[in-house]
Amino acid sequence: MEITGQDAELPEIRRRSRLFALFAVLIFVLIACRLFYLQVIEGDAFYKLTSDSIIRTVTKPAVRGEIRDRKNRVLARMRPSANVYVLPRELVAESFERVRTALDLAPDEAADLWERVQAERRAPVNEKERERPLSVREDISRNAQAILEEAGADLPGVRLEHAIRRDYPFGAAAAHVLGYMNEISGEELRAKKQENYRAGDLVGRVGIERQLEGYLRGRTGFQKVVVDRRGIPKTNIRELVEGAIKQDPIPGNNVFLTMDMDLQRISERALRNANAGAAVVVDVSTGRILAAVSKPGFDPNEMSGHLSSEAQARILADRFHPLRDKVLTETYFPGSTFKVVTALAALEDKLISPDEHAKCHGYFEIGRRRFKCTKTHGVVALYDAIVQSCNVYFYELGARPGMLDRLARFGTDMGLGAPTGLGLNGEEAGFIATEEWYREQKRLNPKNEGFQVGHALNAAIGQETRVTLLQMAMLYAAIANGGKLWLPQLVERIEAPSGQILEDFPPRVRRELSVTADNLALVRQALVGVVNESKGTAYKARPDDDLEVAGKTGTAQVLRHMGRRGEPITSYEQNDHAWFAGFAPAGNPRIAFAVLVEHGGHGGEVAAPVAMEIAHGYFESVAPADRAAPRVGLPRRRSLRAPVPAPEPAAPLEPTP
Amino acid sequence: MMGSRAIAWRKLRFRFDWTLTLAMLAMVALGLVNLWSALQDRGPHLFSKQISLLALGLGVFLAVAALDYRAISRIGYVLYGIGTFLLVAVLLFGRVVGGARRWFDLGPIHLQPSELMKVLIIVALGKYLNESSAQEGRSFRHVAIPVGIVSLPVLMIARQPDLGTAFMIFLIFITVMLMARLRLKTLGAIMGLALVSASPIWRYGLHEYQRKRVEALLNPASADAWQSRQALNAIGSGRFMGKGFLQATQIRIRRLPALWTDFPFAVWAEEWGFVGCLIVLAGYLVLILWILKIAGEARDRFGATVCVGVAAMLFWHVAVNVGMVIGVLPVVGVTLPLISYGGSSVLTIMAALGLVMNVSIRRFAY
């Protein structure tokens, strides 16, 4: 056992630890003094400052920018409205009842709201902002507004907020271009955390509203106030609120479109007889879109904010698909409007000369298969083949070796098979088939027949490639202007609220077509013939005045075995799509257009009149000054009138396997 | 001599230090009451976790108390070595939480070796002082080795970075050395050095967030002082008698980060008022004074030093944590012993009190 207590240092430690004890007591006394100061002397002040204080953040919405057309007419703007909200934790039964009657809420609507109120009450208290108001109804009637405003302070937990609302003065016109707005979803809210969105914010859904959301939106401001339970504001807000107390909203920027609403209305009217269809008009010398109709459309006023469930069901059930933008997001076989591509490909690669003839017996035979023509055209050269839309002539071209790939090459060059670059509404690329693609299909699925020459024949008359309406309009614009394939544009410029130009979009050439001016001129001449030659497929639709229109009809067969969404296919859906694509005036092209009437039947009978009406309207009332143009007229017939000295039509060759 | 283990248990039974134990359990109980309130928004699983950690801590307390502390003293440096090794390991393999590498992820608990190190340093210091006698008082010559013992882990802890813990160890060290007859002249020189080095440490040694916290203290209106202002609002609004159990609305509504680890005192102050605060302070004071009394009665320098060290550890934790909550010290991550939530903190304090109990039951020769 050790001897203890002998250590001379121990008493010293004892002495010093007493000093330490004293020090500890002293410090604790000081702490107690500080607590006495905080809790007893200043206690009441702290209690008053903090008791029941509710931090309310009042958001100050930014005014969203306007959308205007090229003639400065307002297409989308904000207008005042009143919205009703409830604060779940402050709402009492009487005020809920008053709101219900004032707004005439349907029973299930009221029940749903009450349920949401209860859910919010059960939820844990949220950190700094204590309460999230629940939206009851937006844009209430003036009557309801008057009732609620009068009740005012007697309605605890109810808030009437004066808001501004998105308004589309032109209603359904150009709805797919403009788009609409509705409330941000919880998922988007999480994904866009950085972008300062709050629950209840409206966001642009489709069209320009969505594409230029960042420009149009502006920045929401806020003001934080601290109130006690009675709603009386407290003054020393700095003590309770973290960070900035207020921030002014920044209004959004204004967008100026290339669209012309006069032409838009003319175009929509021109499609009045179509159940479903689309039309797009572009400026030949800039590539700017002047009008874009997709029918049926929707009213963005109705879609914005809270769409009633019946309206939603009605829109979703509509078999003509009103929400689908048929100009950009739907692809079709171009039918005979594609023949310009086949013709240019053949001319460029010198497969034919313009004078070479083929003889149309009404069908084209290859192997044991017969490919039908629209009728028996007899002896036709390229000009006649386009004017009368003779399939046999193009079948013969299609049967040339490597024609499918050649068409793919030229089609791609002319902007098919890839999005035009407008960047709106998830624009479709379309589809171009190649021999390689067919071989690939065969490799993937041994039952697939792989490439057959029939595919090339179909491709030559536009039953293989799939295109969007805008692609065709751009292609015809390029033919019209001598080979410039423009990048289509919808937005001319974006201006800050001050008028300062933020973004300016000068026309941009996407590509110069790799075809010669001579060949383009040949094709243009034939397109004039389509409308103006008495045998032309669109002759009956020609304008009855001196306006010279050029273009091509198309009657695109639909895939009969394929119903959309697997629905049983109706006889309506077995009808061909009617096309017309062209430009005007022929002598000095200003506009190019593509028109499609879904399941409308014959292009010359159904689509061409629509296109003529649009072109006529444009030069009649929108831009009469552009009408003046030299007449192109019809070519002198050399080869056809004379008896054919029978240069054998190019014999159809069997494709090399 | 009979089996030493049997003797140890007998001593534990007959000389059991009830004052120490009851004071400790009182603080634990109080801490649990407070934790229940602080965790209102977090659900009960943290609470039950704390209960099991406290049970484990009690086991550690008894186990440490039962061993003869001279045996602990014999392996003092080994323990110190293990602790240092853990610190190295945590720097290499530790879990990064909030930008700092302080924890080992051991499934249900996160072990913080720096906490453990506090006790191990106290033991190592005790062993050194016990074995080196210095009748004339200690000067720089005698301080070299203890400084080495302390600075190695302190530097590693500061690298994690965890300046709060490093600073706590430094305070404990100074206190222990003062008790161990550090000459005043030497103390003055050390203080002088510390003052001289304050400026470069401020400029280069601190992280941005640490500087901000100190600035927040010096300038209470700044945005960074929001956290401590909320704590002050809560404490002040507790007034004399407090708002009552589970009524700490102010502190919870503002969701202070680390409410149950660093700011439990604010919850307590809001719910139990000035009176409640005095009770807590009194509880700690009883504990500290009792440990210092045991230090005075210890039969050797090891026992005395360890007790002084543990008392210093308790004292500085309480003073710094409460000082931070009442807005007189910058916000640092220092726990309130036995009341804060956290496994490493609980186990460390319990082990330390076990050492004190150990000394206490062996203070009288027989």
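Chains A and B, in that order, give the protein sequences.
For the record, in the first sequence the residue sitting at position 197 is 758 according to my numbering, with numbers rising by one throughout.
For the record, in the second sequence the residue sitting at position 138 is 1533 according to my numbering, with numbers rising by one throughout.
Each residue gets a CB set at the ideal place from its N, CA and C atoms; glycine is no exception.
Asked, Found
"Contact list for the segment 1561-1581 of chain B against chain A, Cβ threshold 8 Å", "Thr1570, Leu1573, Met1574, Ala1575 and Arg1576"
"A/Val619 vs A/Val719 beta-carbon contact at 8 Å", "no"
"Short Cβ contact (8 Å threshold) for B/Arg1634 with A/Gly604", "yes"
"Top-ranked residue by Cα proximity to B/Leu1680, from B/Ile1567, B/Pro1732 and B/Asn1525", "B/Pro1732"
"Beta carbon proximity, B/Arg1696 to chain A, threshold 8 Å", "yes"
"Residue of A/Thr1029, A/Pro649, A/Pro812 and A/Ala1102 minimising C-alpha distance to A/Pro1058", "A/Pro812"
"The segment 944-951 of chain A in contact with the segment 1083-1092 of chain A per 3-pair CB rule at 8 Å", "yes"
"Partner residues on chain A for B/Ser1632, Cβ-Cβ distance less than 8 Å", "Gly604, Phe607, Tyr608, Leu610, Thr611 and Ser612"
"Closest Cα partner of A/Val901 within the set A/Gly1011, A/Ala1034 and A/Glu670", "A/Ala1034"
"Beta carbon of A/Pro717 nearer than 8 Å to that of A/Glu651", "yes"
"According to DSSP, residues forming a beta bridge with A/Cys838", "A quick correction: the sequence has Gly, not Cys, at residue 838 of chain A. Note: A/Gly838 sits in a beta bridge opposite A/Lys856 and A/Val1158."
"Any C-beta of chain A under 8 Å from that of B/Leu1673", "yes"
"As assigned by DSSP and simplified to three states, the class of B/Ala1458", "helix"
"The segment 1001-1011 of chain A contacting the segment 1064-1084 of chain A, beta-carbon criterion three pairs below 8 Å", "no"
"Under 8 Å from the C-beta of B/Val1717: neighbouring residues of chain A", "Ile592"
"Chain A residues whose Cβ lies nearer than 7 Å to that of B/Gly1668", "Gln600"
"Where A/Gln873 falls, given that 16 or more other Cβ within 10 Å makes a residue buried", "exposed"
"Inter-stretch contact at 8 Å, needing at least 3 Cβ pairs: the segment 1675-1695 of chain B / the segment 569-585 of chain A", "yes"
"Per-residue burial, A/Asp673 [other beta carbons within 10 Å of its own, 16 or more giving buried]", "exposed"
"Residue-level contact to chain B via CB, A/Leu648, 8 Å cutoff", "no"
"Length of the line joining the Cα atoms of A/Ser1036 and A/Leu1046", "In the sequence on display, residue 1036 of chain A carries Leu and not Ser. Answer to the nearest angstrom: the Cα atoms are 7 Å apart."
"Endpoints, the beta strand (DSSP E) within which B/Val1662 is located", "Unbroken run through B/Val1662 is the alpha helix (DSSP H), Pro1659 to Glu1692; no beta strand (DSSP E)."
"Proximal chain A residues relative to B/Gly1471, where beta-carbon distance stays under 7 Å", "Neighbours of B/Gly1471 on chain A: none; closest Cβ ~17 Å, over 7 Å."
"Contact check, A/Glu770 vs A/Gly740, beta carbons under 8 Å", "yes"
"Reference A/Lys933, options A/His922, A/Gly939, A/Arg1054 and A/Glu1181, closest by Cα", "A/His922"
"Outcome for A/Gly978 when other beta-carbon atoms lying within 10 angstroms are tallied against a minimum of 16", "buried"
"Extent of the continuous beta strand (DSSP E) to which A/Ser642 belongs", "Val635 to Val647"
"Chain-order list of residues whose beta-carbon lies under 7 Å from that of A/Glu688 (same chain, five-residue window excluded)", "At A/Glu688, the pLDDT of 48 sits below 50, so the modelled position is not reliable; the number obtained from the coordinates is stated separately. Around A/Glu688: no qualifying Cβ."
"Chain B contact residues for A/Leu571, given Cβ-Cβ distances below 7 Å", "Arg1696 and Ala1699"
"Sequence-distant residues of the same chain with beta carbon closer than 6 Å to A/Asp860, five excluded per side", "Gly732 and Ala733"
"CA-to-CA distance, A/Ala904 to A/Tyr954, given in whole angstroms", "10 Å"
"Straight-line Cα distance separating A/Glu570 from B/Ile1756", "21 Å"
"B/Gln1445 classed as buried or exposed, judged by whether at least 16 other C-beta atoms fall within 10 angstroms", "buried"
"Per DSSP, cross-strand counterpart(s) of A/Thr1116", "A/Ala1139"
"Where the alpha helix (DSSP H) containing A/Lys936 begins and where it ends", "Segment: none, A/Lys936 is in no alpha helix (DSSP H) and carries neither H nor E."
"Own chain, CB closer than 8 Å to A/Gly991, minus 5 neighbours either side, in chain order", "Thr892, Leu977, Gly978, Ala979, Thr1026, Arg1027, Val1028, Thr1029 and Gln1032"
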